[in-house]
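Chains as they are written, first to last, in the working numbering: chain A, 8 to 123; chain B, 7 to 121.
Shown next as structure tokens:
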């Protein structure tokens, strides 16, 4: 079965410190990989994606993610966290061959708490 | 990026009544939209895939007669929660993708409270 795992329910980091939110996946083939962020009572906002090419992908708000094929991981990172980064983060995958009609498979979500 | 608009953002209804939630793609056409349900601090549960001009595809365990989906145009899908009960109270989110794009864009979500 295809699945996405975010092993940490919550990540706590001090403002200004680097942050990592982990994601691993178990999906056949070479899926598209995504990170989304959700603020309270809001929909999901797209942060970044990996399609092909450089394993380090840069996205919105200073976030980046590193694709590791051998470890089937796609960890989200940011060199210096801001209090405003505190939110719920979702990793997701989509089958490469499904085009824009394919389902997203989501991880469980990780709450990021950045303390001043 | 593409804009997906969801309306209403919050709704309170009485038990036994029906509620309609709209999902619109504002600047692109979407042959497929998705409807999700999200419980507090939990991941999104895919309810159904909405297909323009045809019947929706429901995920296992989702009652199609209770959660009616209509995708009458390339920019609008609606989710109607029929005969709502308190256990239907939840956060409902829609998404759509632009043709040729890999990422999905999400509506703002609808907080449904059934009293």
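Idealized CB from N, CA, C, for every residue including glycine.
Because the structure is a prediction, the values reported are computed rather than measured.
Nearest to residue i (by Cα), restricted to the options the options
i                     : options                : result
residue 46 of chain B : A:54, A:117, A:72      : A:117
residue 17 of chain A : A:49, A:69, A:96       : A:96
residue 20 of chain B : B:62, B:90, B:60, B:99 : B:90
Distance between residue j and residue i (C-alpha atoms, nearest Å)
i                      : j                      : result
residue 117 of chain B : residue 51 of chain B  : 15 Å
residue 88 of chain B  : residue 26 of chain B  : 8 Å
residue 55 of chain A  : residue 79 of chain B  : 29 Å
residue 32 of chain A  : residue 104 of chain B : 25 Å
residue 41 of chain B  : residue 93 of chain B  : 18 Å
residue 115 of chain B : residue 33 of chain B  : 18 Å
residue 102 of chain B : residue 73 of chain A  : 26 Å
residue 36 of chain A  : residue 100 of chain A : 11 Å
residue 43 of chain B  : residue 43 of chain A  : 16 Å
residue 37 of chain B  : residue 123 of chain A : 44 Å
residue 120 of chain A : residue 14 of chain B  : 29 Å
residue 28 of chain B  : residue 74 of chain B  : 12 Å
residue 40 of chain A  : residue 62 of chain A  : 11 Å
residue 52 of chain A  : residue 66 of chain A  : 12 Å
residue 20 of chain A  : residue 70 of chain A  : 15 Å
residue 63 of chain B  : residue 71 of chain B  : 12 Å
residue 111 of chain B : residue 97 of chain B  : 17 Å
residue 23 of chain B  : residue 65 of chain B  : 24 Å
Chain A contact for residue i (CB, 8 Å cutoff)
i                     : result
residue 66 of chain B : no
residue 90 of chain B : no
residue 80 of chain B : no
residue 49 of chain B : yes
residue 35 of chain B : no
residue 59 of chain B : no
residue 99 of chain B : yes
residue 62 of chain B : no
Residue i - DSSP class collapsed to helix/strand/coil
i                      : result
residue 68 of chain A  : helix
residue 9 of chain B   : coil
residue 93 of chain B  : helix
residue 91 of chain A  : helix
residue 103 of chain A : helix
residue 9 of chain A   : coil
residue 98 of chain A  : strand
residue 112 of chain B : strand
residue 46 of chain A  : coil
Residue-chain proximity (residue i, chain B), Cβ-Cβ < 8 Å
i                      : result
residue 62 of chain A  : no
residue 81 of chain A  : no
residue 68 of chain A  : no
residue 36 of chain A  : no
residue 115 of chain A : yes
residue 119 of chain A : no
Given 8 Å, three or more beta-carbon pairs between the region 11 to 28 of chain A and the region 87 to 101 of chain A: yes
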